[in-house]
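Everything in the sequence shown is counted per UniProt numbering, starting at 1 for the first residue and increasing by one.
A virtual CB, placed ideally from N, CA and C, is assigned to each residue, including glycine.
Note that the coordinates shown come from a computational prediction; the quantities given were computed from them, not determined experimentally.
Below is one structure, written out as structure tokens; comments come after it.
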Amino acid sequence: MEIATSRPNFFGEIDCWAERTPLHEAASLGQALRLQQLIRSGASVNIVAVDSITPLHEACIQGQTQCVRLLLEAGAQVDIRTVHGSTALCNACAAGSPECIRLLLEYGAAANPTLTALTATPLHEACIRGSVECVQLMIAGGAQLEVFDIYFGTPLHAACMKQHVDCARALLSAGANVNAARFHETALHIAAKENNADLIEMLVALGAHVHARDNLGRKPIDYTSPGSPAALCLEFYESTPLSLQQLSRVAFRGPLGSRAEERVSKLNVSPRIISYLSYR
1 MEIATSRPNF FGEIDCWAER TPLHEAASLG QALRLQQLIR SGASVNIVAV
51 DSITPLHEAC IQGQTQCVRL LLEAGAQVDI RTVHGSTALC NACAAGSPEC
101 IRLLLEYGAA ANPTLTALTA TPLHEACIRG SVECVQLMIA GGAQLEVFDI
151 YFGTPLHAAC MKQHVDCARA LLSAGANVNA ARFHETALHI AAKENNADLI
201 EMLVALGAHV HARDNLGRKP IDYTSPGSPA ALCLEFYEST PLSLQQLSRV
251 AFRGPLGSRA EERVSKLNVS PRIISYLSYR
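Shown next, in the form of structure tokens:
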């Protein structure tokens, strides 16, 4: 212990560490002037704390846009990971900060950092948070729609698990696979478990299979309570064929693939047909 406490803290190197520094504190609290003064006095913007958190991580998790800008302009490394595998972009998405996300992407942050056992992707974090604007920014930034997290599954699974209907709609509009499975469990299974009829309506309208079975052999309706909104909704869809409009939506999503709704708007067809094929 005497040897350990006698060692100095090192500043300026990614592979060295220090206790939480004044730079971390200023970044976290949004103290832009103080942060600027510390940077000008020679404090390293890439100093890491014992848990590998940098000032950029601190600023992003608190949504401190001005501090994020100062750190990036001073040379903060944009894709440094914490001991849990989170990047600054993961933190910005978890905080629901579109401004921080824009800055990080502008400075080259990876939209698809390699998954670890302890972290989700930035897109997953945005879906968990429930910020549709952040979800849309990540999609526009090239985030993969089908990336698979060990705990949540795909971003669509995460959005449905947290019952963020708008985020799920944004993913599906961008071309996410409505029938992607996590241990054979689809987003529709999750919507049924959450008793969310709005999610069920949207998923089925965009091609979710009401008879899909998970690894326990259960259909989505098997996770509902008799007479509940979710059960009544699924009972209807199990016994009633899809409408021509729903069948048409599913049919055009297949060949057009990712960003189907964006592409159909450019087809040489009437606005009424485009409206008929689009899910809003």
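Asked, Found
"Nearest candidate by alpha-carbon position, reference Leu-234, set Asn-195, Arg-272, Ala-251", "Asn-195"
"N-terminal and C-terminal residue of the alpha helix (DSSP H) that Ile-53 is part of", "Element bounds for Ile-53: n/a, residue is neither H nor E."
"Neighbour flag for Val-204 against chain B, beta carbons, 8 angstroms", "This model lacks chain B altogether; it includes just one protein chain."
"Three-way DSSP call (helix, strand, coil) for Glu-146 in this model", "coil"
"Three-state secondary structure (DSSP) of Ala-117", "coil"
"Nearest residue (CA-CA) to Leu-247, options Gly-108, Ser-131, Cys-93, Leu-277", "Leu-277"
"Spatial distance of Arg-263 from Ala-208 (CA atoms)", "21 angstroms"
"Beta-carbon proximity list for Arg-81, same chain, < 6 angstroms, skipping 5 on both sides", "Thr-87"
"Cutoff 8 angstroms; reference Gln-66; Cβ partners in own chain excluding five residues on either side", "Gly-30, Ala-32"
"Start-end ranges of the alpha helix (DSSP H) lying completely within the region 140-195, minimum 4 residues", "155-161, 165-173, 187-193"
"Through-space distance from Pro-155 to Ala-140, alpha-carbon basis", "15 angstroms"
"Whole-angstrom distance between Gly-217 and Thr-114, CA atom to CA atom", "32 angstroms"
"Three-state secondary structure assigned by DSSP to Ala-49", "strand"
"Sequence-distant residues of its chain with Cβ nearer than 7 angstroms to Asp-79 (five each side left out)", "Thr-87, Ala-109, Ala-110, Pro-113"
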